[in-house]
Each structure stands twice: as structure tokens, then as C-alpha cells.
Amino acid sequence: MQHVLVTGGAGFIGSNFIHYLLKAEPEVRVYTLDALTYAGHRQNLEHLPDDSRHTFIHGSINNRQLVDNLLRKYTIDTIIHFAAETHVDRSISGPASFIETNVVGTFTLLEAARQAWLEEKIVAQPRFHHISTDEVFGTLALDDPPFCETTPYAPNSPYAASKASSDHLVRAYYKTYGLPVTITNCSNNYGPRQFPEKLIPLMIFNALQGKPLPIYGDGQQVRDWLYVEDHCTAIHAVLQKGRLSETYLVGGRNQPPNVELVRLICAILDEHFPDSPHYPHADLIQFVADRPGHDRRYDVSTTKMEDELGWQPQYNLDQGLHNTVAWYLKNSNWITAVTGGESFANWINENYTQRGAETQ
Ligand code: NAD
Ligand code: DAU
Numbered sequence: 158m159q160h161v162l163v164t165g166g167a168g169f170i171g172s173n174f175i176h177y178l179l180k181a182e183p184e185v186r187v188y189t190l191d192a193l194t195y196a197g198h199r200q201n202l203e204h205l206p207d208d209s210r211h212t213f214i215h216g217s218i219n220n221r222q223l224v225d226n227l228l229r230k231y232t233i234d235t236i237i238h239f240a241a242e243t244h245v246d247r248s249i250s251g252p253a254s255f256i257e258t259n260v261v262g263t264f265t266l267l268e269a270a271r272q273a274w275l276e277e278k279i280v281a282q283p284r285f286h287h288i289s290t291d292e293v294f295g296t297l298a299l300d301d302p303p304f305c306e307t308t309p310y311a312p313n314s315p316y317a318a319s320k321a322s323s324d325h326l327v328r329a330y331y332k333t334y335g336l337p338v339t340i341t342n343c344s345n346n347y348g349p350r351q352f353p354e355k356l357i358p359l360m361i362f363n364a365l366q367g368k369p370l371p372i373y374g375d376g377q378q379v380r381d382w383l384y385v386e387d388h389c390t391a392i393h394a395v396l397q398k399g400r401l402s403e404t405y406l407v408g409g410r411n412q413p414p415n416v417e418l419v420r421l422i423c424a425i426l427d428e429h430f431p432d433s434p435h436y437p438h439a440d441l442i443q444f445v446a447d448r449p450g451h452d453r454r455y456d457v458s459t460t461k462m463e464d465e466l467g468w469q470p471q472y473n474l475d476q477g478l479h480n481t482v483a484w485y486l487k488n489s490n491w492i493t494a495v496t497g498g499e500s501f502a503n504w505i506n507e508n509y510t511q512r513g514a515e516t517q
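In terms of the numbering used here, the sequence shown is residues 158 to 517.
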């Protein structure tokens, strides 16, 4: 791994991974390809550990000519593919861009890699690592065992179905053409630089302003929360020691129901702001109309990551949430920059007003 193309590197997990990788691998050069959609921000790539080893390219994974040029110009030997449309609620109100980016975009990258690496053999030891999600497995009942690498796919949202499609394409490119691939399917990430449309940063963002904290349905849905730095170490372990064509599940073993998780965030904000007019922040919780097709429960077995690669998450939920809240408190300029403008306000109105949620 010398010249790494990171797609979607201006987003949440991709940018955290680039910060991590430049530190962990002092020789590696990183090339970020990002379309800078509403979810991608150049600020996420400021203050990198060694900026001279990083190059940013503004463009889309769907642009085949651009991808072809990048692979050759920078003799890319490793592609780490994060770029995607990622918000389940947006996939329900507008699925088309999910098909375009997650399915057609992944196909475009795979085709470019196949030509450059397998036909023209521009590098000796290439690797295509695909970042995917536990949502491809659908939902669990309360007493079901956790998802594992052999769980059948049963995606329930357009987002999950688009990611499942991309996983199948990646797998097929190994089986059919011998493209050297690995896949990770990870649970819910949280931490610095997550766009405040997702549950944890939205709750911090709203609570700080004394706005209602909208919880879908009865709030008893369960997610398996992983601090983003732990996801970065997992991807690194798979790149170093993972077996080609294998899938690895990554999770955090942190599984409170949504409403309990939001209460934990409120308690941390209470610690920081005991004199706030919004104290206790949990009083801001508001139950609103549920997400259509809402998956009830996720749980991820990480046995393969542990046994084969010796990986384990290092952060428990309490540490991770304290770090996350502290980061958002310290980075109010970042929050203002990424939520400024009409696009974010329009999304909040569109998604929450129709649920009967107060947005002010
Ligand atoms: P994000 O929404 O924060 O960032 C996505 C990035 O992709 C943005 O920078 C965006 O500009 C870029 N992008 C979108 N379309 C593009 C295109 N056509 N060409 C180039 N760039 C494009 O996403 P995230 O939460 O960081 O997720 C990253 C990856 O991890 C995704 O593949 C997602 O499915 C997967 N994943 C996310 C989670 C999670 O909890 N966030 C969990 C498991 C897996
Ligand atoms: O499981 C991995 C997935 O986790 C990733 O693949 C996705 O890209 C990522 O967005 C995330 O999907 P979720 O739908 O689980 O995340 P989200 O933060 O949108 O929601 C988490 C839970 O909180 C879910 O049960 C829905 C609920 N929720 C969410 C929002 C935004 C609320 O109750 N209120 C909200 O306002």
C-alpha cells in the first residue's frame, strides 16, 4: 500500500480514516476523490498529520474518465471506497441518487480498477477495499443471534438495498475477474465530523439550541454503536492482514435503545451546562412519527475480526460519547459552516415537519 485512492474522503468516516492513516502509515500517499455533496466538506480534511502526502481531487466516482486518469497519473495501488449516499431517511424521500452513486458509482470504480489493474497491470499488488454496512442484513428480533459474515442479505431501505447491490458487485468482480477485493460491513459509527443529520450529532446540535429532540416511533430501536476511530483501526487491520475476497463484520458492542442513547447524550450535556435554561436536556425529547420500514434491531458479531485479525474496539459508549460531545462543543465553527445555507434547513423542514415534529 503506497498510493491510496480514498473515495468519499471529505465525508464523516472517510475524513477520520485519512487523519488516522497519514499518522499510522508514514510512507503512504493519499489521494481523496470526493464530489463534495451536501455531506462532504473540505474542512474535514484540514489540519491533517502530514498534508504534503495528501492530494484532494474534486470529482465524482461516476466520472469514468476522471477515475481512469487518477489511477494512472498517481499509480494507485489501493482503492478504499467510502463514497456513498448514506442517510436512510433521504433514501426514502429520494432514492435515485442512492442508485446512481452507490450502485452505478461502485460499478464505475470496479470497471476502472479492472481495466487498469487486471488488463493493463499498472501496479503489482492492487487492492480494492469496499466499505459497507450492517444494514444489508435487514432487521433482528429481540432474541435473534447477531449478524455474522454468513447471514443472508435482506435489505429493507433503498439505502440498504443500494449498499447490498454494491457488495454483490464487488464480490462478483473477485469471482469473475479475480479483482483483489475485501469488504467490511460495519455498524453505526459516531464521533467527530459526523454531519448533523444523523441521530447523535443531530441530538447534540438541537439540544445545544434548546430545540426538540425528535425520536422516531417508540425509541426502542437498537443500533450497535462504534466510535469512528475503532472503525479506522478495523479497516487498517483488514488492509494489512485480511484475506482477499473475504467479508469482515465490524461492530462496537454498544447497544442501548435509541431513547436511552439520547438520554445519555442529554446527561453529558447536563454535566457541561448545569446552568443552561434547557437543563435537564432530556426534557427536550419529543416522540415523532416513525421511519417507514424502520429496522428494529442490529447486533454484529465481531468474532472473525477478533480471531483472524486480533482487532477489538477500544472505546466503550461512555468514553466515545464524552469525546464526541467534547468535539462538537470545541468545534462550533465547523457546525455553523456545515449546517449553514438553505440545504440543511430545507432538509430539517422536509424530514421533520411531516412527522409532526416541532423544528424550533
Ligand atoms: P458521509 O455521508 O458522511 O460521506 C459521504 C461522502 O461521499 C461525502 O464526502 C460525499 O461528498 C461523498 N460522495 C457522495 N457521492 C459521491 C460521488 N458520486 N463521488 C465522490 N464522492 C461522493 O458518509 P459516512 O457516514 O462517512 O459513510 C462512509 C461510508 O461508510 C459509506 O459507504 C457508508 O455506506 C459506510 N458506512 C457508514 C456507517 C455510518 O454509521 N455512518 C456505518 C457503516 C458503513
Ligand atoms: O448501521 C449502519 C448505518 O448506520 C449506516 O450504514 C448508515 O449510513 C448510517 O446513516 C446509520 O444508519 P441509521 O439509520 O441507523 O442511522 P441514523 O443516525 O439515521 O439513525 C439511528 C437511529 O435513530 C435509527 O433507529 C433512527 C433513529 N432516529 C434517527 C434520526 C435522524 C431518530 O429516532 N430520530 C432522528 O431524528
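Beta carbons: idealized from backbone N, C-alpha and C, even for Gly. Small disclaimer: the values here were computed from a predicted structure and weren't measured.
Open item on the list: Using the Cβ count rule (16 or more neighbours within 10 Å means buried), how would you classify aspartate 246?
Closed with: buried
Task: Cβ neighbour criterion (16 or more within 10 Å) applied to alanine 391 - done: buried
Task: Status (buried if at least 16 other CB within 10 Å, exposed otherwise) for glutamate 242 - done: buried
Task: asparagine 345 beta carbon near the ligand DAU (any heavy atom closer than 8 angstroms) - done: yes
- [ ] Consider the C-beta atom of leucine 178 and the heavy atoms of the ligand HEM; say whether any pair is separated by less than 8 angstroms.
- [x] The ligand HEM is not among the ligands present in this structure, which contains only the ligand NAD and the ligand DAU.
TODO: Decide yes or no for the touch test of the segment 382–389 against the segment 429–444: beta carbon pairs closer than 8 angstroms, at least 3 of them.
DONE: no
TODO: Identify, in the order they occur along the chain, each residue of the same chain with its Cβ nearer than 7 angstroms to the Cβ of glutamine 471, setting aside the five sequence neighbours on each side.
DONE: Asp387
- [ ] Assuming phenylalanine 285 and isoleucine 236 form a contact by the criterion Cβ under 8 angstroms, report the distance between their Cβ atoms to the nearest whole angstrom.
- [x] 5 angstroms
Task: glutamine 469 burial status per 10 Å Cβ neighbour count (16 or more: buried) - done: exposed
Open item on the list: Can you give me the C-alpha to C-alpha distance between serine 172 and threonine 194, rounded to a whole angstrom?
Closed with: 14 angstroms
Open item on the list: Are the CB atoms of leucine 202 and isoleucine 279 within a distance shorter than 9 angstroms?
Closed with: no
- [ ] Could you tell me how far apart the beta carbons of threonine 189 and phenylalanine 213 are, in whole angstroms, since I believe they sit closer than 8 angstroms?
- [x] 5 angstroms
- [ ] Out of Val327, Asn473, Ala311, state which residue places its alpha-carbon closest to the alpha-carbon of valine 261.
- [x] Val327
Open item on the list: What I want to know is whether the C-beta of isoleucine 218 ends up closer than 8 angstroms to one or more non-hydrogen atoms of the ligand NAD.
Closed with: yes
Open item on the list: With DSSP as the reference, identify every bridge partner of tyrosine 405, one or two as the case may be.
Closed with: Thr341
Open item on the list: Can you look up leucine 421 in the DSSP assignment and give me helix, strand or coil?
Closed with: helix
TODO: Using only alpha-carbon positions, find the residue among Met158, Tyr330, Val293, Pro303 that is nearest to asparagine 313.
DONE: Val293
TODO: Could you check if glutamate 417 is buried or exposed, using at least 16 other CB atoms within 10 Å of its CB as the buried criterion?
DONE: exposed
Open item on the list: So within the segment 160–202, which uninterrupted alpha helix (DSSP H) runs reach at least 4 residues, ignoring any that extend past its ends?
Closed with: 169–181
Task: Option in Ala269, Ala317, Arg453, Gly477 with minimal Cα separation from glutamine 378 - done: Arg453
Task: 6 angstroms CB neighbourhood of glycine 168 in its chain, flanking five on each side removed - done: Ala196, Gly197
Open item on the list: For the ligand NAD, is there any heavy atom lying closer than 8 angstroms to the beta carbon of serine 289?
Closed with: yes
TODO: Please determine, among Ser322, Ala364, Gln200, the residue with the shortest C-alpha to C-alpha distance to leucine 441.
DONE: Ala364
TODO: Please check the pair aspartate 291 and leucine 406, which I expect to be a contact at CB under 8 angstroms, by giving their CB distance rounded to whole angstroms.
DONE: 7 angstroms
Open item on the list: Between which two residues does the beta strand (DSSP E) holding tyrosine 373 run?
Closed with: 370–373
Open item on the list: Could you check if glutamate 403 belongs to the surroundings of the ligand NAD, using beta carbon to heavy atom distance under 8 angstroms?
Closed with: no
Open item on the list: Taking the alpha-carbon of valine 524 as reference, which of Val224, Asn345, His238, Gly376 has the nearest alpha-carbon?
Closed with: Only positions 158 to 517 of the chain appear in this structure, which leaves residue 524 out of reach.
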